[in-house]
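Trainee:
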Ligand SMILES: [Zn+2]
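Numbering (our numbering), first residue to last: 250 to 619.
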């Protein structure tokens, strides 16, 4: 194992933050796994600890057939954002920016560099494109903030990988994952190893999140250079490992083993690995996810747990205003998987209270909420 420490720019005077990447194995193929980019989403960090121990063993046993890079603490900035006992790891305090938005869009600068150089040889194209991505990131002007510097380091490690797993979680949720629809057939096996409840599929959710910053440039380049052979060479997913309190040992061990078994299926690890413990879940259009809001302020009572299948008209939660004797029951508008519910039990305006993944597209435009 090799430890690579990157110093982040623009630390407060007298302090310095470090982003650490742990690299296991060697070879031409590569997987990249990072945890807790939203720093208050800790199931991924707990799972990364199990992965780190197992990868160390597997490397010692000579069972790694490629490179696996692990970033157990992807966001040291957000990890320090505690205020009077509450962790706020989603938005940077200083700028208000979501840590998982606005990653550098690589297809445009890569296309400029490679116009006229891409041909029929898919393997050669992948090599050229990855090198161009690395060069583009290397040659950007110095990062203007600690956040920009951190995002650049993360993307520079991930953009050359064949498989990228960005480990997040939702508030109170069943396991779910986001990916390009074109990659869903390959992701089904990971869903079956981990017991994922639904795959949310979109070509461009808007916002340049980390997973799409890794996978989407390939789709854009393939469309732009339609005559060249450009495969979608980076399978990337945001994997939501349940809810924020889901940091138990048994679950973390099971998630790590499932991830390793999946990497073994892709040839990155040798040895005997178990078959998936679950059925693969359904992949649904992310446009079909219904975001459900409360009609007024009040205390919430959820009537169905995260992970349940719900039908249209089925009651999901009550909002109770005890001052004005107003109690409203809010129902699902679509059939699908109730994959996340709000953790805070107080209804606020503008914040979703529940999300249901359905099969029928309902939304257009920017699909990600902030
Ligand atoms: Zn997240």
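We put the beta carbon where it would ideally sit given N, CA and C, even for glycine. These numbers were taken from a predicted model, which means no experiment stands behind them.
1) Just curious, the alpha helix (DSSP H) that residue 386 is in, first and last residue?
2) Does the beta carbon of residue 520 come closer than 8 Å to any beta carbon on chain B?
3) Of all the alpha helix (DSSP H) runs that stay within the bounds of the region 281–354, which reach a length of 4 or more residues?
4) Taking the straight line between their C-alpha atoms, what separation do you get for residue 444 and residue 531?
5) First and last residue of the alpha helix (DSSP H) that includes residue 500?
6) List the whole-angstrom C-beta distance separating residue 359 from residue 466, where the pair is believed to meet the contact cut-off of C-beta under 8 Å.
7) In three-state DSSP terms, what is residue 579?
8) Taking C-alpha atoms, which residue in 598, 472, 551 lies nearest to residue 543?
9) According to the neighbour-count rule (16 or more other Cβ atoms, all chains shown, within 10 Å of its Cβ), is residue 524 buried or exposed?
10) With respect to the beta strand (DSSP E) encompassing residue 271, which residues constitute its N-terminal and C-terminal limits?
11) What does the Cβ neighbour count give for residue 401, buried or exposed, with the cut at 16 atoms within 10 Å?
12) Would DSSP call residue 535 helix, strand or coil?
13) Within a Cβ cutoff of 6 Å, which residues of the same chain sit near residue 379, ignoring the five residues on either side of it in sequence?
14) Count the C-beta pairs between the region 581–598 and the region 547–557 that are closer than 8 Å, then say yes if the count reaches three, no if not.
15) Note down, in chain order, each residue of its chain lying with its Cβ closer than 6 Å to the Cβ of residue 341, except the 5 sequence neighbours on either side.
16) Could you tell me which residues DSSP pairs with residue 252 in its beta bridges?
17) Of all the options 528, 430, 415, which has the alpha carbon lying nearest to the alpha carbon of residue 486?
18) Kindly examine ligand 1 and report whether one of its heavy atoms sits closer than 7 Å to the Cβ of residue 290.
19) Could you pull out every residue in the same chain whose Cβ sits closer than 8 Å to the Cβ of residue 385, ignoring the five residues on either side in sequence?
20) Does the structure place the region 301–310 close enough to the region 284–291 that three or more beta carbon pairs sit under 8 Å?
21) Among 318, 588, 339, which has the Cα closest to the Cα of residue 327?
22) Drop a sphere of 10 angstroms on the beta-carbon of residue 275, count the other beta-carbons inside from all chains shown, and report buried for 16 or more, exposed for fewer.
23) Which residue's Cα is closest to the Cα of residue 252: 318, 614, 285?
24) Quick one: give me the first and last residue of the alpha helix (DSSP H) that residue 402 is part of.
25) Would you mind working out which of 480, 528, 337, 304 sits nearest residue 373, comparing C-alpha positions?
26) Helix, strand or coil, according to DSSP, for residue 489 in the structure here?
27) Around the C-beta of residue 250, are 16 or more other C-beta atoms found within 10 angstroms, so that it is buried, or is it exposed?
28) Please state whether the Cβ-Cβ distance between residue 325 and residue 266 is less than 8 Å.
29) Given that a residue counts as buried once 16 or more other Cβ atoms are within 10 Å of its Cβ, and exposed if not, what is residue 538?
Mentor: According to the data block:
1) Taking the chain shown and counting its residues from 1, the one referred to as residue 386 is at position 137. From DSSP, the alpha helix (DSSP H) with residue 386 extends over 371–387.
2) Judged by its chain identifiers, the structure shown contains no chain B, having just a single protein chain.
3) 292–309, 325–328
4) As a position in the chain shown, residue 444 is number 195, starting the count at 1. As a position in the chain shown, residue 531 is number 282, starting the count at 1. If you take the alpha carbons of residue 444 and residue 531, they lie about 11 Å apart.
5) As a working mapping, residue 500 is identified with position 251 in the chain shown. First-last of the alpha helix (DSSP H) with residue 500: 498–514.
6) As a working mapping, residue 359 is identified with position 110 in the chain shown. As a working mapping, residue 466 is identified with position 217 in the chain shown. About 6 Å separates the two Cβ atoms, so the contact holds.
7) To locate residue 579, count along the chain shown from 1; it is residue 330. In the structure shown, residue 579 sits in a strand (DSSP, three-state: E or B).
8) Counting from one through the chain shown, the residue named residue 543 turns up at place 294. Selected option, being the one with the closest Cα: 598.
9) For this step, residue 524 is matched to residue 275 along the chain shown. The residue in question, residue 524, is exposed, as its Cβ has fewer than 16 Cβ neighbours within 10 Å.
10) Numbered from its first residue, the chain shown carries residue 271 at position 22. 267–273 is the extent of the beta strand (DSSP E) around residue 271.
11) In the chain shown, the residue the question calls residue 401 occupies position 152. That one is buried.
12) Position 286 of the chain shown, counted from the start, is the residue given in the question as residue 535. Residue state, collapsed to three classes: helix.
13) Locating residue 379 in the chain shown gives position 130, where the first residue counts as 1. These residues qualify, in order along the chain: 409.
14) yes
15) Against the chain shown, residue 341 aligns to sequence position 92. The beta carbon of residue 341 sits closer than 6 Å to those of 396, all from its chain and outside the five residues before and after it, given in chain order.
16) Translated into the one-based positions of the chain shown, residue 252 becomes position 3. For residue 252, which the question treats as bridged, DSSP gives the partners 271.
17) Numbered from its first residue, the chain shown carries residue 486 at position 237. Nearest C-alpha to residue 486: 415.
18) Stepping through the chain shown from its first residue, residue 290 is reached at position 41. Residue 290: yes, Cβ under 7 Å from ligand 1.
19) As a position in the chain shown, residue 385 is number 136, starting the count at 1. Here the set comprises 353, 355, 358, 359, 362.
20) no
21) Start at 1 with the first residue of the chain shown, and residue 327 comes out as number 78. Nearest of 318, 588, 339 to residue 327, Cα basis: 339.
22) For the purposes of this step, residue 275 is taken as residue 26 along the chain shown, with counting starting at 1. The residue is exposed, with fewer than 16 neighbouring Cβ atoms inside 10 Å.
23) On the chain shown, residue 252 is found 3 positions in, with the first residue counted as 1. Nearest Cα to residue 252 within the set 318, 614, 285: 318.
24) Against the chain shown, residue 402 aligns to sequence position 153. Where residue 402 is concerned, the enclosing alpha helix (DSSP H) stretches over 395–407.
25) Sequence index remark: in the chain shown, residue 373 carries index 124 (1-based). Taking only the C-alpha atoms, the option nearest residue 373 is 480.
26) Within the chain shown, numbered from 1, the residue matching residue 489 stands at position 240. Here residue 489 sits in strand by DSSP.
27) Residue mapping note: residue 250 aligns to position 1 of the chain shown, counting from 1. In the assembly as shown, residue 250 is an exposed residue. Its beta-carbon has fewer than 16 other beta-carbons within 10 Å.
28) As a first step, residue 325 must be located in the chain shown, where it is residue number 76. As a first step, residue 266 must be located in the chain shown, where it is residue number 17. Their beta carbons are under 8 Å apart, which means residue 325 touches residue 266 by this criterion.
29) In the chain shown, residue 538 corresponds to position 289, counting from 1. Looking at its Cβ environment, which holds 16 or more other Cβ atoms inside 10 Å, residue 538 is buried.
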